[in-house]
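To convert, take the position in the sequence shown, counting from 1, and add 188; that gives the numbering used here.
Yeah, the Cβ is synthetic: ideal placement off N, Cα and C, and Gly gets one too.
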Amino acid sequence: MSRLPFVLKHSQTSQLFTCTLVNHYKLAYYGTKYWDYEEDAAAEAPEFLRAQGAADPELWELLELTDNQLKLCNVKLKNDPRLTLVWDAESQRMSVHISPS
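What follows is the structure, encoded as structure tokens:
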């Protein structure tokens with residue numbers, strides 16, 4: 189069975205959750221938080237959102253992406269925390285925006 193990654197999408201704005209993460213080389217980067225399994229994502233997401241200080245954690249929902257879509261998320265972010273990603277359900281693509289803050 190193939191595994192597809194799960195990310196967090198804001199139910200009202202369709203923004204994907206991005207933050208500073210640490211890769212397997214122990215280097216910090218700005219990227220899209222994901223889980224390999226839906227059960228893990230469902231169990232860990234609420235505490236993860238609270239720890240990140242996310243406003244209204246109950247408004248974030250799981251979204252399944254392909255591996256290529258997830259890779260594209262991080263490419264589009266360019267390791268720049270000023271950038272945000274918004275998911276377009278109709279086109280099944282994300283667009284990048286500059287954060288207002």
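Taking residue i as the reference, give the member of the options with the closest Cα.
i	options	result
Leu251	Arg238, Pro269, Met282 and Ile286	Met282
Ala239	Leu209, Glu227, Tyr213 and Leu258	Leu209
Ser279	Asp244, Gln257 and Pro245	Gln257
Asn211	Asn267, Pro245 and Leu273	Asn267
Give me, in chain order, the residues of the same chain whose beta-carbon lies closer than 8 Å to that of residue i; leave out the 5 immediate sequence neighbours on both sides.
i	result
Asp276	Ser202, Met282 and Ser283
Trp248	Leu196, Lys197, His198, Ser199, Phe205, Ala233, Leu237 and Ala242
Would you mind sorting residue i into buried or exposed? The rule is 16 or more other CB atoms within 10 Å of its CB.
i	result
Ala230	exposed
Tyr225	exposed
Tyr222	buried
Can you give me the Cβ contacts of residue i inside the same chain, cut-off strictly under 7 Å, excluding the 5 residues immediately before and after it?
i	result
Leu253	Leu192, Pro193 and Val195
Short of 6 Å in beta carbon distance, which residues of its chain neighbour residue i, apart from the five on each side in sequence? Order them along the chain.
i	result
Met189	Model confidence at Met189 stands at a pLDDT of 45, short of 50, so the residue's coordinates are unreliable; what they give is reported in the following sentence. Correct list: empty, nothing qualifies.
Arg270	Ile286 and Ser287
Give a yes or no on whether 7 Å exceeds the smallest Cβ distance from residue i to chain C.
i	result
Thr206	The structure shown contains no chain C; it is built from a single protein chain.
Name the one or two DSSP bridge partners that residue i has.
i	result
Thr272	His285
Ala242	Paired residues: none, contrary to the question.
Do the region 256-265 and the region 218-238 meet, that is, are 3 or more Cβ pairs less than 8 Å apart?
-> Because the criterion of three Cβ pairs below 8 Å is met, the region 256-265 and the region 218-238 touch.
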